[in-house]
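For what it's worth, UniProt numbering labels the leading residue of the sequence shown as 1, then goes sequentially.
Beta carbons: idealized from backbone N, C-alpha and C, even for Gly.
Computed from a prediction, not measured in an experiment: that's the story for all the values here.
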Amino acid sequence: MIFDRHEIHKKSYKMNENMVGVSVLAAPAPAAKALLAKRVQEMVLYGDEPPALYISRDDHDATDGDGDGGDDFSSPVPIVDIGILSCSEEPFTKEYEEELLKLNSALHTWGCFQAIEHGISSSFLDEIRKVAREFFEQPMEEKNKYSKTVAGFEGYGANPVPEQGQPLDWSDRLFLDVCPPNQRKLQFWPQTPTSFSDVLSEYTEKMKIVTELTSKAMAKSLNLEENCFLKQFGKRLIVQARFNYYSKCRRPDLILGLKPHTDGSGYAVILQDEVGLQVFSNEKWYTVPKIPHALLILLGDQMEIMTNGVFKSPVHRVLSNSERDRISIVMFYTPEKGKEIGPEDGLVDEERPRLFKKVKDYADTHWEYNRRGMKALHTAHV
């Protein structure tokens, strides 16, 4: 039997926060490095049994469903109408103020929300999903033209090798640097489908409108100057696109598409085609439901820092599924390289003292802790 239940990792959402000052550069596991040279799609295609290094769930955790959301807790993840928030001229309407309160509550309680009426057409969102699926459905020989290195980020393949003892993710992905434009490594941008580059570039432009509007609304909901977060991100903010493919899995009770983690970015915008994403709240995992053409906006650690802990960076994960595959497209937004960020002054007072110090390039620190299954936010505490 390939699965040793006694060696399964402890509850995977219990991320270690007590490693301040230790080295986080230990060598990755050789076995994991060898496995990641082979795509999950290949293993499924050839009928391979999932290797034990992919096990990341235990008996207690495995009771929360098989990835279809049917046995999971009904998700109360809030829905926010971005269309209402786009009408921000003073005097504010009652409808606008109510939606602003809803946004504030969502990010304070959940750290995420489902955005509707965001201004991107359903047909275009269907188009970028189509392009993503067409890429992953190509022969392996074609996809491998854009392969990343085993330890690298950008390109096609699996997540970079985690450190010894960390489970692997049951997924393949295409990760691309999008902004600043002069940082794009076009050798990783697929030539097939032929429309890939144009569609991603157009998606990036459309998403810029959505994210700038959302950043301003977040600031207003906290009674801050509307451009304050945009200023912290900087004019050369980093935008990265991640196309995820979650293959069918024979053992969704033991294996995750993506391990529990928080994001090291400022925030992410997620377009999903099927359920599978879960958010951890109040000691429970909640499945994010599929709302056609909605965008899930999910905060990362750097927004928790900028808001002095008022808004939360949620732990989340992706389930695997034995009956169907799943695709998601994620756009990550991170402050520009070398730019110092910290809590907004308007969110620091006697009642709420400063919780975080100023940091720069936090995403690099986050990754080094994340690859060991650990949170990094404590490194920014005062």
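In terms of residues, what are the limits of the alpha helix (DSSP H) holding residue i?
{"i": "Lys-143", "result": "140-143"}
{"i": "Asp-325", "result": "Where Asp-325 is concerned, there is no enclosing alpha helix (DSSP H), given that its DSSP letter is neither H nor E."}
{"i": "Thr-287", "result": "Segment 284-287 is the beta strand (DSSP E) holding Thr-287; no alpha helix (DSSP H) there."}
{"i": "Tyr-362", "result": "362-370"}
{"i": "Ile-84", "result": "82-85"}
{"i": "Val-44", "result": "40-45"}
Got a sec? Which residues, its chain only, sit under 6 Å from residue i by beta carbon, not counting five neighbours each side?
{"i": "Leu-25", "result": "Residue placement at Leu-25 cannot be trusted, given a pLDDT of 32 that sits under 50; what the coordinates show is reported in the next sentence. Cβ neighbours of Leu-25 beyond the five flanking positions: none."}
{"i": "Met-303", "result": "Gly-266, Tyr-267, Phe-311"}
{"i": "Tyr-362", "result": "Gln-302"}
{"i": "Arg-242", "result": "Arg-173, Phe-175, Val-330"}
{"i": "Val-359", "result": "Ala-380"}
{"i": "residue 399", "result": "The question about residue 399 has no answer here: the residues shown for the chain are numbered 1 through 382."}
{"i": "Gly-69", "result": "Interpretation of Gly-69 is limited by its pLDDT of 41, a score under 50 that renders its predicted location unreliable; no figure is taken from the coordinates."}
Is the beta carbon of residue j closer than 9 Å to that of residue i?
{"i": "Gln-240", "j": "Leu-200", "result": "no"}
{"i": "Leu-222", "j": "Asn-104", "result": "yes"}
{"i": "Phe-124", "j": "Lys-206", "result": "yes"}
{"i": "Pro-162", "j": "Gly-373", "result": "yes"}
{"i": "Gly-342", "j": "Ile-297", "result": "no"}
{"i": "Glu-99", "j": "Val-77", "result": "no"}
{"i": "Val-269", "j": "Met-331", "result": "yes"}
{"i": "Val-210", "j": "His-118", "result": "yes"}
{"i": "Leu-237", "j": "Ser-86", "result": "no"}
{"i": "Asp-263", "j": "Ser-313", "result": "yes"}
{"i": "Val-318", "j": "Gly-276", "result": "yes"}
{"i": "Tyr-54", "j": "Leu-168", "result": "yes"}
{"i": "Ser-171", "j": "Val-40", "result": "yes"}
{"i": "Gln-166", "j": "Lys-259", "result": "yes"}
{"i": "Arg-57", "j": "Asp-273", "result": "no"}
{"i": "Thr-307", "j": "Glu-351", "result": "no"}
{"i": "Gly-346", "j": "Cys-228", "result": "yes"}
{"i": "Cys-112", "j": "Val-288", "result": "yes"}
For the beta strand (DSSP E) that residue i lies in, which residues bound it at each end?
{"i": "Cys-179", "result": "172-179"}
{"i": "Gln-302", "result": "That residue, Gln-302, is in no beta strand (DSSP E); its alpha helix (DSSP H) goes 301-306."}
{"i": "residue 392", "result": "With the chain represented from 1 up to 382, any question about residue 392 goes unanswered, as that position is not in the structure."}
{"i": "Leu-319", "result": "316-319"}
{"i": "His-261", "result": "256-261"}
{"i": "Leu-271", "result": "267-272"}
{"i": "Gly-157", "result": "155-157"}
{"i": "Val-77", "result": "Taken as a continuous stretch (DSSP letters only), Val-77 belongs to no beta strand (DSSP E), as it is neither H nor E."}
{"i": "Val-239", "result": "238-246"}
Enumerate in chain order the residues of its own chain whose CB-to-CB distance from residue i is below 7 Å, with the five nearest sequence positions on each side excluded.
{"i": "Arg-133", "result": "Ile-327"}
{"i": "Glu-226", "result": "Lys-216, Ala-219, Lys-220"}
{"i": "Thr-365", "result": "Ala-376, Thr-379"}
{"i": "Ala-294", "result": "Gln-114, Ala-115, Ile-116"}
{"i": "Pro-190", "result": "Phe-135, Tyr-146, Phe-196"}
{"i": "Val-382", "result": "Arg-354, Leu-355, Phe-356, Lys-357"}
{"i": "Thr-192", "result": "Gln-138, Glu-142"}
{"i": "Lys-367", "result": "Going by the sequence as given, residue 367 is Trp instead of Lys. Around Trp-367: Gly-264."}
{"i": "Val-22", "result": "At Val-22, the pLDDT of 27 sits below 50, so the modelled position is not reliable and the matter cannot be decided from this model."}
{"i": "Val-131", "result": "Pro-193, Ser-195, Phe-196, Val-199"}
{"i": "Phe-188", "result": "Tyr-146, Glu-154, Gly-155, Leu-176"}
Whose C-beta lies closer than 8 Å to the C-beta of residue i among residues of the same chain, with five residues either side of it excluded?
{"i": "Ser-147", "result": "Gly-155, Tyr-156, Gly-157"}
{"i": "His-261", "result": "Met-15, Val-315, His-316, Arg-317, Asn-370"}
{"i": "His-108", "result": "Val-310, Phe-311, Lys-312"}
{"i": "Ser-281", "result": "Thr-109, Trp-110, Pro-314"}
Review point. Contact between the stretch 231-238 and the stretch 154-166: three or more CB pairs below 8 Å?
Key: no
Review point. When the Cβ atoms of the stretch 246-266 are set against those of the stretch 314-326, are three or more pairs found closer than 8 Å?
Key: yes
Point to revise | Contact between the stretch 330-346 and the stretch 134-142 (3+ Cβ pairs under 8 Å) | key: no
Review point. At what residue ranges does the stretch 94-128 contain a whole run of the beta strand (DSSP E), taking only runs of 3 or more?
Key: Fully enclosed beta strand (DSSP E) runs of 3 or longer: 112-116.
**Study point:** beta strand (DSSP E) segments (min. 3 residues) lying fully within the stretch 160-234
**Key:** 172-179
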